[in-house]
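For reference, the structure is listed below as C-alpha cells.
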Amino acid sequence: MMLARLKRSEGIWLFSRSPAALLAAIVTLVIVLGALLAPWIAPTNPYDLASFSLIDGLLPPVWEAGGDARFVLGTDDQGRDMLSSILYGARLSLSIAAMAMAVALVLGVGLGLAAGYFGGRFDAIVMRIADVQLALPAILTALLIDGISRGILPRDLHDDLRIAVITLAIALSLWVNFARTARASVFVERNKDYVQAAIMMGQHPLRIMLRHILPNIVGPLLVIATVDLASAILLEATLSFLGVGLPADSPSLGTLIRIGMQYLLSGEWWILWIPTLFLVVLVVAINLLGDFLRNLFNPSLR
Amino acid sequence: MVRMTFSTAAMALGTTLLCALPVAAETFRWAGTTDPQTMDPHAVNAAPVLSFLNNVYEGLVRRGPEMGIEPSLATSWEALPDGAGWRFTLREGVTFHDGAAFNADDVIFSYERAISEPSDVKSWFASITEVVRVDDFTVDFLTSAPNPLFPGSIANFMILDADWATTNSADLPARDAENHATRNANGTGPFVLSSRDPGIETRLTPHAGWWDSAQHNVTEAVFTPIGNPATGLAALLSGEIDFISPIPLQDVEQVESRDGFKVLAGLETRVIMLGFGHDHDTLKYSDETNDTNPFLDPRVRLAVAQAIEVDTIDRVIMRGAAEPASQLLPAGLSGFSDEHADRPDFDAEAAKALLAEAGYADGFSFGLMCTNDRYINDEAVCRAVASMLARIGVTANVNAMPVRGYWDELRADNFDMYLLGWSPGTFDAEHPIRFLAHTPTERLGTWNFGGYSSARIDELLEPIQQEIDEAARQAMIDEVAGILQQDVAYVPLYTEPLIWAMKDSIDVVQRPDNFFMLRWVSVN
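For the record, the sequence lines run as chains A and B. Every letter in the first sequence is one number past the one before it in numbering that gives the first Met the number 0, and letter 137, counting from 1, is 136. Every letter in the second sequence is one number past the one before it in numbering that gives the first Met the number 0, and letter 70, counting from 1, is 69.
What follows is the structure, given as C-alpha cells:
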C-alpha cells in the first residue's frame, strides 16, 4: 500500500511534467465520456431508423456552404447526423475493445501466471500455443475466428452474437502479450524470499499467485493493457472496415469509415474524414498514455 | 509507440495491398461489381451471367447495338403455317471453340438441356411443345398456339456443343452444384474462355474461327470482379483497368472532369422493386412472436408503397440518375401501360391510416432481404426504405448480402420482403408477367419468389403471348398492369441508371440491357 501510494504521487509529479501525457489523458477522457454519455448528449439516436430522414442526406458540416445547424458535423448518405453516429460508434468501438481487452487480460494473465508458477509440461504447452499465436498476425486470427463462427452458427444467431464474436476474436488475438509478461514476471518473483516463505507456510498456489505475485506485476500489465486497448480499437475498426465487423445499421467507427470510403473521391469528405480523424486521435492518445505509463513503471527508461 | 506504429502500418498495408496487376498494352481489362456465378448458359437466368456468356456463346438470333433482332446461328426464320411454330435455318460452316462443327443436333441438345429440370431458363420455352430436326441445318420449334414473339425472346438461348457436353458429363446444367460447364465453356461466340478463376479473374481470347467478321480489336480480354465500386473506380483512375461498370453515381462528375476518361450514362431497362412473401403464412424475421403475415393484406402492401419517397431516394442516393417506376418494366418499352403510369403518391399519414385500418396501428417488424453488390447502391436503398418505413411504425430488419448466395436464399423463402431488379430480356411487357406475375409453376413464374398469384393474370398470359393485334394485346397487358397495381403485388421503385466509365481510348456500345459486348470494343 505504501509503495503504491508513493508511486502514485510520483506519477502525478511526472504527469504534470509531461504535457503530451496530460493532453493525451484529457483527449482520452473527453472521448470516453462522450462515448459513455452518447445516449444523453448526442443530438439524435442513429440506431433509431425513425429519427433521421433521407431528405437530410449528404449535408456538409455546419461551417461549409450548405451546412445545417442541426447537424454540426454534417450527415451521411442516409441522413444520419455524423456527430451522433461518431459518438455512438465510439461507444460501440470502445466497449468492444474494453471487453476484448478484459477477456484477453483475464485469459492471458491466468494462463501466464499458471504457466510460470507450475512450469514443466503445462508451461511448455501454453507457451507453444502462444508462439503459434504470435506467428499469426492479429487481424488474421480475428478473421479466422469470425469466419469459423460464421460457418458454425446459423445466420440469425450469428447476427445476434455478432458483438460477442468480434469481442472474442479480438481477445483471442491479444492474450499472448499478457501471458508472456505474466509468465516472465512470475519467473523473476517465484524465487524471491517472500514467495518462498509463502510456499513454505503451505499457502494454496492460487492464493500465492493472486495475493503475492500478481500485485507485483500490475505495472507492466497496465502498460500492455493500455497499448492493447489501442490495438483492440484498431482491430475492431479493421474488421468492420473489411466488412466482417459490425453492420451498417449499428455502425462502429470502422463501419463508419467503410461507409465513408465510398465518398473518398466524390467531394463529401466529411463522411470519411471525420470518423477517421476521430479514430486516429483516439488511438494516438491512448498510445501516448501507454508510453507514459511504461516510463512510469520502468524507472530505467526515465 | 513502436508497437503501435507497427500494428497500424500492418493494418494500413493489409487494406491497401488489395490491387496490383501488371498492365499489358494490347489487353483489354474490364471490371464489374458482380462475377458471373457460372459459365453454364442454362444454369442461372441472371444478367451478369447472360451478359458475360453472350461473348462466349451464341444463340440462334442476337441483339444488335439498338437491341434489334438479327441473325446469328440461324440465318433466317419463318413462321410455320397455321401458327404451328417457327422454322429456323441454321448457319453452315460455324465451328465451336474446340473446332467441332455446329449443326442441328447441337440446337436440339441445347434445347433439351435448357428445359431440363435443373435449368433456370425453362420459362423461355413455356410455349414450345417440341423441337424437330428437319435436316442438318433446319430446325422447327413447334408451339401449341401461335407465338409471334418467339424468335425475339430467345436471343439469350445459347447453344453449346452436344458432344463436348456429353463427353464432359455436363448434359444437364448444374444450378446448385458444379459440373464441367460451370468453369469451362465451348461456344461458337467471338471469344474463347481461356482461363477462369471464379471471383478473381476470367480471361477471354478472340475465337479465330468465328463465322462473323470481328469489329473489335481486342487480343485478350480480362474480367476482374471488384465488389466495391469505389475501389473499382480507383483501379480505373490508376490505369489498372480500361473499363468499369458501374461507377459510384457520386463520382460521375469528377471522372468526367479528368483528362483521359469518359462516362457513358443512360437508363437501364431494369426496374428495381420490392417483393413480398405472398404465400408465407407468417413472418420469418419478426421480432414479435405473432403468427400472421401482415403483408397478406393488400392495405399493408399499399401502405409500404405510400411510405416510400422514391423522389428522395433518387435525389440523394441515386443523385438524380434514376427514374421513378410504376410498373414491372420501365416506361417506353413495348407493352408499357400508359394507363397505369402513376405510382402511389408518397403519403406517410395515409400509410399510417391504412396500417391502422388493417389492424397494425402499432406497427410490426419484419426481415428485408437485400443484395449489397448487385444493383447500384442496393444496400443504401434498402436502408433508406427501412428508415422510411420506420416513420410509419414498421421496423425492417435489413439483411444485406452478396448476390452469390442471394437467389438461393430467396428460393428457400428466407425473406419477408426482398429487393429485386428486373430487366425484361425480350424488351416487352410479357416478360415480367411470365417471370414475376404468373403463379409459380415448373416453367412459369420462376422468379416470382413471393408466390404472388392472380387467376386472371394466369389466364391472360397465354392470350398476350399469342395475340397479334397490337390494340387487343395492349388492352390485356393494361389489365394485368392494373391488377398488379391494385394488388400491390410488387412495389416498383425506380429504373436503374446505367453508368459506365472508361478510358478515353476505349470505344464501346452501350446497350440499354446493360450487356457488355466485347465484340464492339475497340482500343485505340
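Glycine included, every Cβ here is placed at the ideal spot set by N, Cα and C.
The beta-carbon of residue 216 (chain A) is placed no less than 7 Å from the nearest beta-carbon of chain B. Sequence-distant partners of residue 425 (chain B) (beyond 5 residues in either direction) whose C-beta falls short of 7 Å from its own C-beta, in its chain, are 148, 151 and 152. Contact fails between the region 494–514 of chain B and the region 444–452 of chain B, because fewer than three Cβ pairs, one in each stretch, are under 8 Å apart. Proximity of residue 256 (chain B) to chain A, defined by a Cβ-Cβ separation below 7 Å, is not satisfied. Note that the region 77–96 of chain A touches the region 51–62 of chain A; at least 3 beta-carbon pairs, one per stretch, sit closer than 8 Å. Proximity of chain A to residue 378 (chain B) at the Cβ level (cut-off 8 Å) is accounted for by 247, in chain order. Per DSSP, residue 263 (chain B) lies in no alpha helix (DSSP H); the unbroken beta strand (DSSP E) holding it starts and ends at 260–275. Taking a C-beta cut-off of 8 Å against chain A, none of the residues of the region 29–45 of chain B qualify. Taken atom to atom, the span from the alpha-carbon of residue 245 (chain A) to that of residue 254 (chain A) is near 6 Å.
Proximity of the region 381–389 of chain B to the region 71–79 of chain A meets the contact definition, three or more beta-carbon pairs being nearer than 8 Å. In the structure shown, residue 283 (chain B) adopts coil according to DSSP, grouped into three states. The continuous beta strand (DSSP E) containing residue 500 (chain B) extends over residues 489–502. In the DSSP annotation of this structure, residue 207 (chain B) is not part of any alpha helix (DSSP H), being labelled neither H nor E.
Note that the C-beta distance between residue 174 (chain B) and residue 38 (chain B) is not below 7 Å.
By alpha-carbon distance to residue 123 (chain B), the top candidate from B:132, B:99, B:133 and B:111 is B:111. Taking every protein chain shown into account, the CB of residue 71 (chain B) has 16 or more other CB atoms within 10 angstroms, so this residue is buried. In this structure, the alpha-carbon of residue 457 (chain B) lies about 20 Å from that of residue 279 (chain B).
Around the CB of residue 39 (chain A), fewer than 16 other CB atoms lie within 10 Å, so the residue is classed as exposed. Shown here, residue 139 (chain B) sits in a strand according to DSSP, grouped into three states. Taking a Cβ-Cβ cut-off of 7 Å, the neighbours of residue 311 (chain B) in chain A comprise 53 and 54, given in sequence order. In the structure shown, the three-state DSSP call for residue 223 (chain B) is strand. Within chain B, the residues placing a beta-carbon under 9 Å from that of residue 48 (chain A) are 382, 385, 386, 387, 388, 389, 390, 394 and 395, ordered along the chain. If you check each beta-carbon in the region 256–269 of chain A against every beta-carbon of chain B, the ones closer than 8 Å belong to 260, 261, 262, 263, 264, 265, 266 and 267. In this structure, DSSP gives residue 98 (chain A) a helical state, which the three-state scheme calls helix. Taking a C-beta cut-off of 7 Å against chain B, the contacting residues of the region 61–89 of chain A are 76 and 77, listed in chain order. Under the Cβ criterion of 7 Å, residue 173 (chain A) is not counted among the residues facing chain B. Straight across, the Cα-Cα distance linking residue 120 (chain A) with residue 275 (chain A) is about 46 Å. Close to residue 316 (chain B), with beta-carbon spacing below 8 Å, are these residues of chain A in chain order: 53, 56 and 76. Under the DSSP assignment, residue 483 (chain B) falls in the alpha helix (DSSP H) whose first and last residues are 469–486. For residue 395 (chain B), the beta-bridge partners assigned by DSSP are B:365. DSSP places residue 47 (chain B) in the uninterrupted alpha helix (DSSP H) bounded by 46–52. If you draw a 10 Å sphere on the C-beta of residue 267 (chain A), you find 16 or more other C-beta atoms in it, and that means buried. Residue 84 (chain B) places its beta carbon 7 Å or farther from that of residue 156 (chain B). Scanning its chain for C-beta atoms nearer than 6 Å, with the 5 sequence neighbours on each side dropped, one finds around residue 427 (chain B) the residues 333 and 334, in chain order. DSSP, read as helix, strand or coil, puts residue 282 (chain A) in helix. Segment contact: the region 100–117 of chain A against the region 290–299 of chain A, fewer than three CB-CB distances shorter than 8 Å; contact not assigned.
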